[in-house]
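Student:
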Ligand code: OFO
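Numbering (the numbering used here), first residue to last: 104 to 277.
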């Protein structure tokens, strides 16, 4: 059975992942409002990924004999400074989430919960991938630097992103 401290912390992370989902849904809607439907699509897929992250925690807490407590989810922002502003905010958010995940790993270690630490290692790798993905897009956006044609090309590329649940043939880990 999971210890109370780690159970509470995992519940907190479940809430944080649902907030992430809500944040990216809000960004999707914002980008759609700019007629950047490819960017909107990318954020919508991100919304689905974050729900997966949340539900993985949900299942794990239950599997370990804990209890999931559904707390209120904060309301996300609704406006950003264009796609660059949205992706800068995404990068800052993911850096923050990485800090939360690292703290959970340290807590699992302190609690001598080896199973919990192994479980959390999936999130450690996931954060590296998320940060890299966002940095890549931000790099392209900065290169485009206000060039509408280049922006539309990136929009087209991001419009091809499809949600693949982890474990499916092409989804691999993501
Ligand atoms: Fe769940 O990785 Fe982003 O927040």
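From the three backbone atoms N, C-alpha and C, an ideal C-beta is built for every residue, glycine too.
#1: Cα separation between residue 275 and residue 108?
#2: Quick check: what's the CA-CA separation for residue 155 versus residue 232?
#3: Looking only at its chain, what residues have a beta carbon closer than 6 Å to the beta carbon of residue 148, apart from the 5 residues adjacent to it on each side?
#4: Do residue 211 and residue 219 come within 7 Å of each other at the CB atom, strictly closer than that value?
#5: Please state whether DSSP places residue 203 in a helix, a strand or coil.
#6: Taking the alpha-carbon positions, what's the residue 178 to residue 121 distance?
#7: Taking the alpha helix (DSSP H) that residue 264 belongs to, which residues open and close that run?
#8: Is residue 174 helix, strand or coil when you go by DSSP?
#9: What does a CB cutoff of less than 7 Å around residue 161 pick up in its chain, not counting 5 residues either side in sequence?
#10: Could you say which of 166, 164, 194, 105 lies nearest to residue 126 if we only look at CA atoms?
#11: Could you name the residues of the same chain whose beta carbon sits closer than 7 Å to that of residue 204, not counting the 5 residues immediately before and after it, in chain order?
Tutor: Put simply:
#1: Interpretation of residue 275 is limited by its pLDDT of 47, a score under 50 that renders its predicted location unreliable; the figure taken from the coordinates is listed afterwards. When rounded, the distance between both Cα atoms is 32 Å.
#2: 15 Å
#3: 264, 266
#4: yes
#5: helix
#6: 11 Å
#7: Where residue 264 is concerned, there is no enclosing alpha helix (DSSP H), given that its DSSP letter is neither H nor E.
#8: coil
#9: 117, 171
#10: 194
#11: 223, 226, 227, 230
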